[in-house]
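Peer 1: First, the structure itself, so that you have it in front of you.
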Amino acid sequence: MTQQAQTLCEALQAKKYRGIIFDLDGVLVSTDDCHYRAWKKMADEEGIYFDRTINERLRGVSRMASLEIILERAKKTYTDEEKVEMATRKNEYYKQLIQTLTPEAMLPGALAFVHFCRDLGIRVAIGSSSKNTRAILTQIGQIDGFDAIADGNDITRSKPAPDVFLIAAHKLNLPPESCMVVEDADAGVEAARAAGMDVLAVGYASANPDATYHMNSLAQAMEEIEKKQ
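Using the numbering used here, the first residue of the sequence shown is number 3, and each one after it goes up by one.
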């Protein structure tokens with residue numbers, strides 16, 4: 003077991019954290035391709051170049067901020083009203099795509115890690131900037147799997163602002179400092195730190211120096227935990 007894994011495992015089993023707040027996209031479920039295909043369809047309709055490299059810059063970024071990144075390659079200037087229409091159109095495409103999600107969209111180790119935390123008596127919540135959070139959880143059969151859900155419908159400021167994590171902690175009836183966040187985006191790590199919370203960084207954020215713990219994925223976290231048990 004790595005030192006990182008041992009430290010995390012000991013912290014969880016010692017109940018250092020009373021609540022764990024999970025980001026959704028990229029942590030518990032894979033919707034990256036749905037986002038990419040929706041943005042790509044909208045960009046193609048507007049004649050704007052968009053590829054997976056540009057898409058990586060959108061990770062953990064709000065919808066309107068993502069649109070601004072895409073529009074860096076636009077050949078014309080868009081009004082605010084046109085931008086809202088484009089973002090709305092992308093979201094409609096995205097909502098159509100997430101209707102095809104099944105429970106198999108859960109990332110390896112994700113559900114096991116959630117259950118491990120719950121078995122320890124730790125409360126679990128979702129903290130996601132996505133306004134489609136509840137629709138995704140319903141599609142994958144996990145709408146009732148969490149003690150609280152905070153999402154894009156609860157906030158006016160997206161990550162890296164701490165709002166969604168603070169609201170999640172409030173819904174859990176827990177002080178922020180008693181919660182840990184699981185994130186896969188640098189903006190999410192920054193948001194968690196701004197909320198006064200420790201962070202387990204996975205995936206694309208796993209090398210973020212500001213995170214408390216670093217793992218490639220929740221699957222790796224579970225492998226390490228099972229070694230200790």
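Heads up, the beta-carbon is just placed ideally off N, CA and C, and yes, glycines get one too.
Write down every uninterrupted run of the alpha helix (DSSP H) in the region 110–153 whose length is 4 residues or greater and which is fully enclosed by it, in chain order.
Peer 2: Given a length threshold of 4 residues, each whole run of the alpha helix (DSSP H) inside the region 110–153 is given here in chain order: 112–121, 135–141.
Peer 1: I'd like to know whether the C-beta of Ile227 is nearer than 8 Å to at least one C-beta of chain D.
Peer 2: In the displayed structure, chain D is absent; only one protein chain is listed.
Peer 1: Thr135 and Ile124: beta carbons closer than 8 Å?
Peer 2: no
Peer 1: Compute the distance between the beta-carbons of Lys161 and Ala189, then report whether it is under 8 Å.
Peer 2: Cβ atoms of Lys161 and Ala189: closer than 8 Å.
Peer 1: With a threshold of 6 Å on Cβ separation, who are the neighbours of Met217 within its own chain once the five nearest residues in sequence on each side are excluded?
Peer 2: Val204, Ala223
Peer 1: Given that a residue counts as buried once 16 or more other Cβ atoms are within 10 Å of its Cβ, and exposed if not, what is Gly49?
Peer 2: exposed
Peer 1: Alpha carbon to alpha carbon, how far is Leu14 from Glu225? Give it in angstroms, no decimals.
Peer 2: 15 Å
Peer 1: Compute the beta-carbon to beta-carbon distance between Leu174 and Gly21, rounded to the nearest angstrom, for a pair I have assumed lies under 8 Å.
Peer 2: 5 Å
Peer 1: Output yes or no for whether 8 Å exceeds the beta carbon distance between Ser32 and Leu113.
Peer 2: Not closer than 8 Å, so no.
Peer 1: Rounded to the nearest angstrom, what separates Met254 and Val201 at their Cα positions?
Peer 2: Any property of residue 254 remains undetermined from this structure, which presents the chain solely from 3 to 231.
Peer 1: Would Arg59 be called buried (16 or more neighbouring beta carbons within 10 Å of its own) or exposed?
Peer 2: It is exposed - the Cβ of Arg59 has fewer than 16 other Cβ atoms within 10 Å.
Peer 1: Measure the Cβ-Cβ separation of Arg61 and Ala187 and say whether it is below 8 Å.
Peer 2: yes
Peer 1: Do you know how far the Cα of Glu74 is from the Cα of Met88?
Peer 2: Rounded to whole angstroms, Met88 to Glu74 spans 14 Å at the Cα level.
Peer 1: Is the closest heavy atom of the ligand MG to the C-beta of Pro178 under 7 Å?
Peer 2: As for the ligand MG, it is missing from this structure, which has no ligand bound.
Peer 1: Rounding to the nearest angstrom, what Cα-Cα distance links Val63 and Ala193 in this structure?
Peer 2: 12 Å
Peer 1: To the nearest angstrom, how far is it from the Cα of Arg120 to the Cα of Ile71?
Peer 2: 39 Å
Peer 1: Skipping 5 residues on each side, what residues in its chain have a beta carbon closer than 8 Å to that of Ala45?
Peer 2: Tyr51, Phe52, Ile72
Peer 1: Comparing alpha-carbon positions, which option in His172, Gln8, Thr81 lies nearest Asp149?
Peer 2: His172
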